[in-house]
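S.K.: Have a look at this one.
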Amino acid sequence: MNAFKPIAILGAAVLVSACAPSRVDNAAGQPSVYQDVGSAGRVQGVGIESQDVVAMTDKMMRSLLSNPMVSNRPTPPRVLIDMEGFKNESTSVINLNMLAKRLQIELTRAANGRMVFVNRQNLAAIQKEREIKREGLVDGGTIRKTQATAGVDYQMFATITSQDAIDRQSQMRQRYHYISFEMVDMELGTLVWGDGFEMSKATQDNVLYR
């Protein structure tokens, strides 16, 4: 009987070790760090990044405000800027609404009344509010009543294009972007302003954009 004791003890030890939780490295990761959105971040690739969005929208804002046909009219023109007028024909991933919104907000702030920006993204909510006012469910507010919502004088359109190249030996990637911006007279169909932003990037890193 004593000969079986070592075997029993060994079996119990194996059973205990099997039931014990395995050791997992739960060391804390790197803490998040705020970065300047106008400067290159720690993760960089050949796509369109925050500093590129900031640079191109700032350039377009300054260019548009310096155009007297748009920004110095006696009656401020009504301008529409939304993602419906923006197209991405490039190989880069970008949120078109983010690009359009930043440009609209920065222009609204800097134009200071020289342009009036029309909101079409919330048209359903606007129409609902107009209906309940006219049905007498609420009063008319404190501003005014109009026969219809605001028509647009000018609309901004933008197209993002790119051209890619890769070195098969070094796996170096290079991407050239050209982003065109145009302001169109929505009655005549003519261009009242246009400008572009271009950049070229090269890297060996394969960054995933989402």
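Using mature numbering (1 follows the signal peptide of the UniProt record, and there is no 0), the letters of the sequence shown correspond one by one to residues -27 to -1, 1 to 183.
C-beta: ideal position from N, C-alpha, C; glycine also.
Determine whether the beta carbon atoms of V52 and Y127 lie at a separation below 9 Å.
M.R.: Cβ distance < 9 Å, so V52 and Y127 count as in contact.
S.K.: In chain order, what residues of the same chain lie with their CB nearer than 6 Å to the CB of V19, ignoring the 5 residues before and after it?
M.R.: R146, R148, K174 and T176
S.K.: Return the Cβ separation of G62 and T119 in integer angstroms, given the expectation that the two are a contact with Cβ distance under 8 Å.
M.R.: Before going on, a small fix: residue 62 reads as Glu here, not Gly. Their Cβ separation, rounded to whole angstroms, is 38 Å, which puts E62 and T119 out of contact at 8 Å.
S.K.: Using the DSSP secondary-structure output, state which residues sit across from L53 in a beta bridge.
M.R.: The partner list for L53 (beta bridge, DSSP) reads V91 and Q128.
S.K.: When you compare the CB positions of V10 and M71, do they come within less than 9 Å of one another, or not?
M.R.: no
S.K.: Could you check if M42 is buried or exposed, using at least 16 other CB atoms within 10 Å of its CB as the buried criterion?
M.R.: M42 is exposed by the Cβ-count criterion.
S.K.: Just to confirm, is the Cβ distance from M129 to V111 under 9 Å?
M.R.: Judged by beta-carbon spacing, V111 lies beyond the 9 Å limit of M129, meaning their Cβ atoms are not closer than that value.
S.K.: If you follow the beta strand (DSSP E) that V176 is part of, which residue opens it and which one closes it?
M.R.: Residue identity check: residue 176 is Thr in the sequence provided, not Val. First-last of the beta strand (DSSP E) with T176: L164 to T176.
S.K.: Use the C-beta contact count for L164: other C-beta atoms within 10 angstroms, 16 or more gives buried, fewer gives exposed.
M.R.: exposed
S.K.: Suppose the cutoff is 8 Å on Cβ atoms and the five residues either side in sequence are ignored; what does the same chain contact list for S12 look like?
M.R.: Q24
S.K.: Which partner residues does T134 have in the DSSP bridge list?
M.R.: Y151
S.K.: Would you list the residues sitting across from K60 in a DSSP beta bridge?
M.R.: Bridge partners of K60: T132.
S.K.: If you follow the alpha helix (DSSP H) that L72 is in, where does it begin and where does it stop?
M.R.: Here the alpha helix (DSSP H) through L72 covers L69 to A84.
S.K.: Give the range of the alpha helix (DSSP H) segment to which E104 is assigned.
M.R.: L96 to R107
S.K.: Alpha carbon to alpha carbon, how far is S44 from S5?
M.R.: If you take the alpha carbons of S44 and S5, they lie about 41 Å apart.
S.K.: Indicate whether F170 and M33 have their beta-carbon atoms separated by less than 9 Å.
M.R.: Going by C-beta atoms, F170 is nearer than 9 Å to M33.
S.K.: Are there 16 or more other CB atoms within 10 angstroms of the CB of I139, so buried, or fewer, so exposed?
M.R.: exposed
S.K.: Closer than 6 Å by C-beta to N40: which residues in its own chain qualify, once you throw out the five before and the five after it? Chain order, please.
M.R.: W166
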